[in-house]
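> When the sequence shown is numbered by full-length UniProt numbering, its final residue is 145 and no position is left out of the sequence of numbers. Heads up, the beta-carbon is just placed ideally off N, CA and C, and yes, glycines get one too. These numbers come from a predicted model, not from an experiment. Have a look at the structure that comes next, please.
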Amino acid sequence: MWQTKRFNELTVTDLYQLLALRSQIFVVDQQRIYQDPDGRDQNAIHIFNRDEKGDVVAYARVFLKDNLVSFGRVATSAKVRGQGLGGQLLDKIMQTIQQKFPGKPIEIEAQVQVEDFYKRVGFVSEGEPFIYKSTPHIKMVHGAM
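What follows is the structure, given as structure tokens:
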């Protein structure tokens, strides 16, 4: 079941599970050492899905960044990959942006290996790849919705 919550609406269990999923994907699986909580969570809208056991298996956060809207920490658990949940998550992200931030252009910093994933919903790459937290990223933009 998909849920969308602001930070102060998250339960302790929600917060624990989404941070655990992010840590598993972005720190353990990708072998990067960095502090995941970065100060953006408190002002973000958190989008996530739970499996039949109640575990968070897909997650992203949407937030304002200057006069733009952005999103990140897009993650799906290894146990559900290949089932279309990532595409559903991206659709939920775009719906949330359209509902909560109409008229704002979108800018993200995507990992290069998933650049085509974002292009399928109209994102365009800008500039050259750069290294962010030891991983190649690319700036991508999308017009206001």
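1. Do the segment 22-34 and the segment 87-96 meet, that is, are 3 or more Cβ pairs less than 8 Å apart?
2. Does Met-94 come out as helix, strand or coil in the three-state DSSP assignment?
3. Beta carbon of Ile-45, beta carbon of Lys-104: below 8 Å?
4. Measuring alpha carbon to alpha carbon, tell me which residue in Ile-25, Ala-144, Lys-139, Asn-8 is nearest Val-80.
5. Under DSSP, the beta strand (DSSP E) around Thr-13 begins and ends at which residues?
6. Expressed to the nearest angstrom, what Euclidean distance is found between the alpha-carbon atoms of His-50 and Arg-6?
7. How far does the alpha helix (DSSP H) with Glu-115 in it extend, from its first residue to its last?
8. What three-state label does DSSP hand Asn-8 in the structure shown?
9. Keeping to the same chain, check which residues put their C-beta closer than 6 Å to that of His-142; ignore five residues upstream and five downstream.
10. Look at Pro-102 and Met-140 and say whether their C-beta atoms are less than 8 Å apart.
11. Flag this pair as yes or no: are the beta carbons of Leu-21 and Ser-77 separated by less than 8 Å?
12. Going by DSSP, which residues form a beta bridge with Leu-64?
13. Could you please give the first and the last residue of the uninterrupted beta strand (DSSP E) stretch that includes Pro-102?
Answer, in terms of the structure:
1. Segments in contact, no.
2. In the displayed model, Met-94 falls within a helix according to three-state DSSP.
3. Contact flag unset, no.
4. If we check each option's Cα against that of Val-80, Ile-25 comes out closest.
5. Element bounds for Thr-13: not the beta strand (DSSP E) but the alpha helix (DSSP H), 12-22.
6. With the sequence shown as reference, residue 50 is identified as Arg, and His is not the correct amino acid for it. Each residue's Cα considered, the two are about 17 Å apart.
7. In the DSSP assignment, Glu-115 falls within the alpha helix (DSSP H) that extends over 115-119.
8. Here Asn-8 sits in helix by DSSP.
9. Cβ neighbours of His-142 beyond the five flanking positions: Ile-106, Gly-122, Phe-123.
10. Using a Cβ distance threshold of 8 Å, Pro-102 and Met-140 do not count as a contacting pair.
11. Against a cut-off of 8 Å, the Cβ pair of Ser-77 and Leu-21 comes out as a contact.
12. Beta-bridge partners of Leu-64 (DSSP): Val-69.
13. Note, Pro-102: premise wrong, no beta strand (DSSP E); not H, not E.
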